[in-house]
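See structure below.
Protein chains: 2
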Amino acid sequence: MTERKRRKPGETRDKLMEAALTLVGKGRHFASLGIREVTRQAGVVPTSFYRHFRNMDDLGLQLVDELGLVLRRMMRDARANVLQAEKLMAESVAIFIRHVQDNRSFFVFMAQGLAGESRAVQEGIRSELRFFASELANDLRRLRLVDHLNDADLDLTCDLVVRTVAFSLTDLISVSADDDYQIDQIRQRTTRYLQLIFVGAAHWQTGD
Amino acid sequence: MTERKRRKPGETRDKLMEAALTLVGKGRHFASLGIREVTRQAGVVPTSFYRHFRNMDDLGLQLVDELGLVLRRMMRDARANVLQAEKLMAESVAIFIRHVQDNRSFFVFMAQGLAGESRAVQEGIRSELRFFASELANDLRRLRLVDHLNDADLDLTCDLVVRTVAFSLTDLISVSADDDYQIDQIRQRTTRYLQLIFVGAAHWQTGD
DNA sequence: CCTCCATGTGTACAGTTGTTCACTTGATGT
DNA sequence: ACATCAAGTGAACAACTGTACACATGGAGG
Chain D
827 MTERKRRKPG ETRDKLMEAA LTLVGKGRHF ASLGIREVTR QAGVVPTSFY RHFRNMDDLG
887 LQLVDELGLV LRRMMRDARA NVLQAEKLMA ESVAIFIRHV QDNRSFFVFM AQGLAGESRA
947 VQEGIRSELR FFASELANDL RRLRLVDHLN DADLDLTCDL VVRTVAFSLT DLISVSADDD
1007 YQIDQIRQRT TRYLQLIFVG AAHWQTGD
Chain S
827 MTERKRRKPG ETRDKLMEAA LTLVGKGRHF ASLGIREVTR QAGVVPTSFY RHFRNMDDLG
887 LQLVDELGLV LRRMMRDARA NVLQAEKLMA ESVAIFIRHV QDNRSFFVFM AQGLAGESRA
947 VQEGIRSELR FFASELANDL RRLRLVDHLN DADLDLTCDL VVRTVAFSLT DLISVSADDD
1007 YQIDQIRQRT TRYLQLIFVG AAHWQTGD
């Protein structure tokens, strides 16, 4: 039994997580989902749920872990494709929006979870955002675009950027997924928010 | 029947709305509340609910209306007490945080509703925030602190300010209501976000 | 080949849910 | 003084909920 991983790609477990995400994507709030509802959506008998999760909060926590992977993929995508410094923000926002469209349910879950019912899920998402902001700070340091900022002020700026982009989620989920015009409006507006922030960062003097 | 207002201060209706807020304040998510649960908390028989609301979404909408009043009170408070221009942001954030502490449940409800289950509630809250941002723009115009910005750019700035402050709600609700140290940290950080934004606004050139 | 055990199934039960209906009550406008 | 009607009550219902238990199964390790 040296290798304790009997499971093939844990079909049912994945089906249950996908089912929860599907329901969230259909407009339901995660906090209002029940075990029976999720198992029904997954095409599985209710008792199976307990083979993989203790309760809905537990499932939520494991969704947060997968959300982390989604965010990391997005970061890698951005690092690989944001080439010209002068279009940095426009391109980053475009990549963000593309990933939101490709993983809508995940990001809706994230937006819900920030003010959700489970403390643990809340904290998990907040910690993902903190990590994202710190990675962003590293990248900016490496690109040497913000040399006049000390570490604390750079962190402040990156936090604000991440928050601003995260708040745009609430805009994105309030328009239908195929309303290209509105989505483009949100993209432009978010880009300008970031530009405003970076103009601020460029003229920021550490002592207030 | 020229005056159709028989109701004395609609006791039960208010009790129901307060009960929902109380449950939200205790950590429950609005989307997971049921009619029976709310009536139980209000000390009222379940059928009474239907005398005042069609369903939980309806109650949510009426809560949004009251939330509007809370926000307007806060605005009035800010206008009356923010005296010195150079402390404008620090004082405004302080007033915001004080009102959040005095109406915790309302603001938790607002944070939840932004990514909530009911489209109508979502839109209601978003519209309150838009209104708030436009009032803020008016005030800033009157104070003539941002004369170099055209209307569109001033709106952009105020939107960003409101979003930033709104996002701080998720920080505030994640710390216990009497953890003065953490709350003060959030206050300072939010203030610096706003300062960063206004430094950006001060150096903003309309054509990008 | 046999045994084990993680995974999945079917049945069952008590508690809760939303909503209905017929009933009481008490303040109101005339 | 009286009729009216919004507001509140209590009992009832079928549908659904979370969870427990005993059982089936099939692939892995010996």
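These protein sequences, in sequence, are chains D and S. All residue numbers for the first sequence refer to the numbering used here, where the first residue is 827 and numbers rise by one. All residue numbers for the second sequence refer to the numbering used here, where the first residue is 827 and numbers rise by one. From the three backbone atoms N, C-alpha and C, an ideal C-beta is built for every residue, glycine too.
Leaving out five residues before and five after F933/D in sequence, what residues of the same chain have Cβ atoms less than 7 Å from its Cβ? V926, L995
Using only the alpha-carbon positions, how far apart do D891/D and G939/D sit? 13 Å
Starting from E943/S, find everything on chain D with Cβ-Cβ shorter than 8 Å and list it in chain order. G853, R854, H855, S858
Report the CB separation of A1027/S from L971/D in whole angstroms; it is logged as a contact under 8 Å. Rounded, the Cβ-Cβ distance is 20 Å, inconsistent with contact.
In the structure shown, what three-state DSSP assignment does G894/D receive? helix
Below-8 Å beta-carbon distance, T983/D vs any chain S residue: Flagged as an interface residue toward chain S: T983/D, by a C-beta distance shorter than 8 Å.
Please classify D985/S: is it buried, with 16 or more other beta-carbons within 10 angstroms of its beta-carbon, or exposed? buried
Determine the DSSP secondary structure at R854/D, reduced to helix, strand or coil. coil
Does DSSP put D1005/S in a helix, in a strand, or in coil? It is coil, neither helix nor strand.
Quick one: what does DSSP say N976/S is sitting in, helix, strand or coil? coil
Extract the residue ranges of the beta strand (DSSP E) inside the region 906–957 of chain S, only unbroken runs of 3 or more that lie entirely within it. none
Kindly indicate which three-state DSSP category H878/D falls into: helix, strand or coil? It is helical.
Using DSSP with H/G/I as helix, E/B as strand and the rest coil, what is L847/S? helix
Separation of I951/S from D965/D, as counted between CA atoms: If I take the Cα positions, the gap works out to 35 Å.
Can you list the residues of chain D that H1029/S reaches, using a CB-CB cut of under 7 Å? V1025, H1029
Interface residues of chain D facing I999/S [CB-CB closer than 8 Å]: The contacting residues are A941.
Would R930/D pass as an interface residue toward chain S - the criterion being a Cβ-Cβ separation below 8 Å? no
In angstroms with no decimal places, state the Cα-to-Cα distance between Q910/S and D1010/D. 39 Å
Going by beta carbon distance, what residues of the same chain come within less than 6 Å of I921/S, once the five residues before and after it are set aside? Answer for I921/S: D903, A904, listed in chain order.
Taking the alpha helix (DSSP H) that R866/S belongs to, which residues open and close that run? 861–868
Closest Cα partner of D997/D within the set E912/S, A916/S, E949/S: E949/S
Burial state of Y1019/D, where buried means 16 or more other Cβ atoms lie within 10 Å: Counting of Cβ neighbours within 10 angstroms places Y1019/D among the buried residues, the total reaching 16 or more.
Option in T1032/S, W1030/S, F1024/S, G1033/S with minimal Cα separation from K913/S: Per the Cα distances, F1024/S.
Any contact between the region 893–901 of chain S and the region 852–865 of chain S? By contact I mean 3 or more CB pairs, one from each, below 8 Å. no
Do the CB positions of F958/D and V1001/D come within less than 8 Å of each other? Against a cut-off of 8 Å, the Cβ pair of V1001/D and F958/D comes out as no contact.
A937/D versus chain S: which residues are under 9 Å apart at the beta carbon? L940, A941
Closer than 9 Å by beta-carbon distance: list the chain S residues that pair up with Q948/D, in chain order. T996, I999, S1000
In angstroms, rounded to a whole number, what distance separates the CA positions of T873/D and G894/D? 28 Å
Going along the region 1011–1022 of chain S in order, which residues come within less than 9 Å of chain D, judged by CB to CB distance? Within the region 1011–1022 of chain S, those residues whose Cβ lies closer than 9 Å to any Cβ of chain D are, in chain order, R1015, R1018, Y1019, Q1021, L1022.
Is S931/S near V991/S, with beta carbons less than 8 Å apart? no
Who are the Cβ neighbours of Y876/D in its own chain at under 8 Å, not counting the five residues just before and after it? none
Helix, strand or coil for Q1031/D? Go by DSSP, reduced to three states. coil
Would you kindly check if the distance between the Cβ of G886/S and the Cβ of S953/S is under 8 Å? Result no, Cβ atoms of S953/S and G886/S do not sit closer than 8 Å.
What does the alpha-carbon distance come out to for the pair R839/D and D928/S? R839/D and D928/S have their C-alpha atoms roughly 43 Å apart.
Burial state of L955/S, where buried means 16 or more other Cβ atoms lie within 10 Å: buried
Cβ-based burial, T1032/D [other Cβ within 10 Å; buried from 16]: exposed
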